[in-house]
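Visitor:
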Amino acid sequence: MANRILFSIPVHERPDIIRDQALNILKFCPNSVVVMHLSKGVNNDDDLALFKMAIEGLEGVILNADEGYRVDTGDGHSGIFQAHYANYLLAEKLGIDFSTICLLSSNELLIKSGLEDYTAQHHIGCQTVLSDPTSNWHLFNRDLLSRLQSVGFLDDLEISQFYFGGQAEGQFYRKDIFKKMATIFRNFFPRSRPAGFETEEVIPPTIVANLTVDGGKEMMPVPPITLCDYCHDLSITPKLIEKIRSGWGVIYAPKKNGMLVSPHIGWPSFKTIFSVKRVPREECEIRSFIRSLAP
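Here this note's numbering runs 119 ahead of the position in the sequence shown, where the first position is 1.
1. I need the DSSP call for Phe304, collapsed to helix, strand or coil.
2. Taking the alpha-carbon positions, what's the Pro309 to Gly315 distance?
3. Rounded to whole angstroms, what is the Cα-Cα separation between Gly334 and Ala301?
4. Below 8 Å CB to CB, which residues in the same chain sit around Val398 once its five sequence neighbours on both sides are set aside?
5. Hey, Cys221 and Ile344 are a contact pair by Cβ (cut 8 Å); roughly how many whole angstroms apart?
6. Starting from the Cα of Ile363, find the closest Cα among Lys231, Phe272, Ile326 and Ala328 and give me that residue.
7. Considering just the uninterrupted stretch of the alpha helix (DSSP H) at His241, what are its terminal residues?
8. Looking at Arg123: is its Cβ nearer than 8 Å to the Cβ of Phe200?
9. Work out the CA separation of Thr247 and Ala239 for me, nearest whole Å.
10. Please report the straight-line C-alpha distance between Leu177 and Thr331, rounded to a whole angstrom.
11. On the DSSP bridge list, what partners appear for Phe291?
12. Between Phe272 and the rest of its own chain, which residues show a CB-CB distance below 6 Å, the 5 nearest in sequence each way excluded?
13. Going by C-alpha to C-alpha distance, which of Lys358, Phe304 and Tyr237 sits closest to Leu208?
14. Within 10 Å of its beta-carbon, does Glu186 have 16 or more other beta-carbons around it, so buried, or fewer, so exposed?
15. In chain order, which continuous runs of the beta strand (DSSP E) of length 3 or greater are located wholly inside the segment 327 to 387?
16. Using three-state DSSP, classify Leu263 as helix, strand or coil.
17. In this structure, how does DSSP classify Leu213 when only helix, strand and coil are distinguished?
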């Protein structure tokens, strides 16, 4: 089997926008599967019907509206990895055949093809930044360290005094690696006990860092596939997208105060970028431009 990617996306936006994102993925990764987790906050029958209609006729696109798997992503800051985990469980239940899982957000779009080959060569796409309580990133603090210690998560990974953080968007994992990650997540952060912090920016990076210690070459991570604009003084423009698609170049942009440094800034990272964020969740120039791109 060729490397087949399962894209996991938490959604709650307009139905036409999620259809546009699904079409974007199928254009650049035509053999992939897309599982869209519909927030449990969307519970009106008419709204559910609109979302289901939005993906009608799109082969390989699944709306996770199953009450047994959906979670409330709330304000978007506490339930995102739980939503990805729910999508993974649903895919397993349905017997979906895939090799790699890629975690995307609902306001990003792919900009080029080749991701299947790239993820076949690299088994982990994840940023791992060692926690530093003296930094001003909101997830590097002693309270969160104590929380991770108290539930036994760090002891299970045989570390105790630190953890790791990283960009959530564009992480990807070989299926067997994500299965290990999902088991650890379930054991220490069950659905019945919400974590209360952005797990997607802490749990995967910490597990990945642990795997790299003795994991050998195949466990060495590359950056997530998504270039994000929110950590640096950076704008996603057609000109920048064309440069990235050319394959060579470096982005220099000052980091914003209180943000984590982007894994794509300051070095020749264009070969690692396949998606961009933020794309407004409405019809706009950048969305129209990306739609016009050839695969």
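Just so it is clear, CB atoms sit at the ideal spot from N, CA and C, and this is done for glycine as well.
Guide: The relevant details are as follows:
1. Walking along the sequence shown from the start, residue 304 turns up at place 185. Shown here, Phe304 sits in a helix according to DSSP, grouped into three states.
2. Counted from its first residue, the sequence shown places residue 309 at position 190. Counted from its first residue, the sequence shown places residue 315 at position 196. Their Cα atoms are separated by approximately 12 Å.
3. Residue mapping note: residue 334 aligns to position 215 of the sequence shown, counting from 1. Residue mapping note: residue 301 aligns to position 182 of the sequence shown, counting from 1. Rounded to the nearest angstrom, the two C-alpha atoms are 18 Å apart.
4. Reading the sequence shown from its first residue, position 279 is the one you call residue 398. Answer for Val398: Asn226, Glu227, Leu228, Ile355, Ile405, Arg406 and Ile409, listed in chain order.
5. The count along the sequence shown starts at 1 and reaches residue 221 at position 102. The count along the sequence shown starts at 1 and reaches residue 344 at position 225. In this structure Cys221 touches Ile344 by the C-beta definition: roughly 7 Å separates them, less than 8 Å.
6. As a first step, residue 363 is located in the sequence shown; it is residue number 244 there, counting from the start. Taking each of Lys231, Phe272, Ile326 and Ala328 in turn and checking the Cα distance to Ile363, the smallest one comes out for Lys231.
7. Residue mapping note: residue 241 aligns to position 122 of the sequence shown, counting from 1. Element bounds for His241: n/a, residue is neither H nor E.
8. Mapped onto the sequence shown, residue 123 falls at position 4. Mapped onto the sequence shown, residue 200 falls at position 81. Taking C-beta atoms as the reference points, Arg123 and Phe200 fail to come closer than 8 Å.
9. Position 120 of the sequence shown, counting from 1, holds the residue named residue 239. Position 128 of the sequence shown, counting from 1, holds the residue named residue 247. For Ala239 and Thr247, the distance between alpha carbons rounds to 21 Å.
10. Within the sequence shown, the letter at position 58 stands for residue 177. Within the sequence shown, the letter at position 212 stands for residue 331. So the alpha carbons of these two residues sit roughly 38 Å apart.
11. By one-based count along the sequence shown, residue 291 stands at place 172. In DSSP, Phe291 forms a bridge with Cys221 and Gly244.
12. Residue mapping note: residue 272 aligns to position 153 of the sequence shown, counting from 1. If we look at Phe272 and ignore the five residues flanking it on each side, its Cβ neighbours are Phe307.
13. For the purposes of this step, residue 208 is identified with residue 89 of the sequence shown, where counting begins at 1. For Leu208, the closest of Lys358, Phe304 and Tyr237 by C-alpha to C-alpha distance is Phe304.
14. If you number the sequence shown from 1, residue 186 lands on position 67. Burial call: exposed.
15. For the segment 327 to 387, whole beta strand (DSSP E) runs of length 3 or above, ordered along the chain, are 345 to 347.
16. Stepping through the sequence shown from its first residue, residue 263 is reached at position 144. In the structure shown, the three-state DSSP call for Leu263 is helix.
17. Counted from its first residue, the sequence shown places residue 213 at position 94. Under the three-state reduction of DSSP, Leu213 is assigned to coil, being neither helix nor strand.
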